[in-house]
Amino acid sequence: MEFPDLGKHCSVSICQQLDFLPYKCNLCQQIFCSDHFKADSHKCHIQIDRKIPSCPLCNQIIFTKPNEDPNVVVARHIDRGCPQEKTLNKNTFECSVPSCKVTDLSEKFTCPSCKSDFCLKHRQPSDHKCPKPVQGPPGTPGGRNTDLAQALRSKIQETIKKYAEAPRKQQFNKMKATATGDNKVPMDQRFFLEVIYPVASNVEPKFFFFDKSKRFGNVLDFVASTGKIKNENNVAGKPKLVLASLKTGAPISLSKVLGQSQELVNSGDAILLEYEQNL
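To convert, take the position in the sequence shown, counting from 1, and add 2; that gives the numbering used here.
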């Protein structure tokens, strides 16, 4: 059974990645994936900055129309009944997980089940101990076989931690000697990766090298085919394979170029190939 309406595509034209828990930008109101949810990453055209005035009494942000005098707008706000106590700055929000300190408005995600606000790290029902998890398709967060899904997710997190903490220098030397790839790629253009296959597949990790001008989408297709992992990323409603950074545990945008992704992955690092619903 397919679920064609599950998830939404990222509004960034060069991405358009299907995200099952997409973000709606609180500024421009468009939909984005986890790689482009921040205002800077999607070049938000309504990004809040210091030019937008705030009320001197209640600190509320006062939005103005083009060519409208900010002083007039603030005065109108006060005349219409400005609250006399300090209110929460509209540039921030508080993640509903008590121990979380994230306040960046661009990370705000409202859980469709409990209606509380969470940051990127705590948006999954299991991460904020959602009291009303939505019953979704089998194998998805909140779907049937929840205990099995949670056990699998825990195992994946253990695997991420294991490889993220492993010393990479010695492994990199081994990788250079044994990695497979296109031998026509010059040595100085090679980008080496250790690929950890889906935990449930029982496929052993493999070493690869790619031309650093390639995109992660090319990498995903190649390593999935090599490991005989079912890849139906082009079929609506089917489980989507992603490549996850071990630095963040989050999926990497498949439109990113290998040689321009140092903030997520460096040559010689390990990355995880996994179904997005399991992360």
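C-beta atoms are modelled at their ideal positions from N, C-alpha and C, and glycine is treated no differently.
DSSP, read as helix, strand or coil, puts residue 80 in helix. Taking 7 Å as the cut-off, the beta carbon of residue 276 is found no closer than this to the beta carbon of residue 238.
For the segment 165-235, the continuous alpha helix (DSSP H) assignments of 4+ residues that do not extend past its boundaries occur at 170-180 and 218-228, in sequence order.
For residue 246, the enclosing beta strand (DSSP E) begins and ends at 243-247. Among the bridge pairs identified by DSSP, residue 63 is matched with 56. Here residue 278 is buried. Its C-beta has 16 or more other C-beta atoms within 10 Å. Here residue 83 is exposed. Its C-beta has fewer than 16 other C-beta atoms within 10 Å. If you draw a straight line from the Cα of residue 95 to the Cα of residue 114, it comes to about 17 Å.
According to DSSP, residue pairing for residue 273 in a beta bridge involves 197 and 247. Annotated three-state conformation of residue 124 is helix, per DSSP. Residue 72 sits in a helix when the DSSP states are folded into three classes. Under the three-state reduction of DSSP, residue 260 is assigned to helix.
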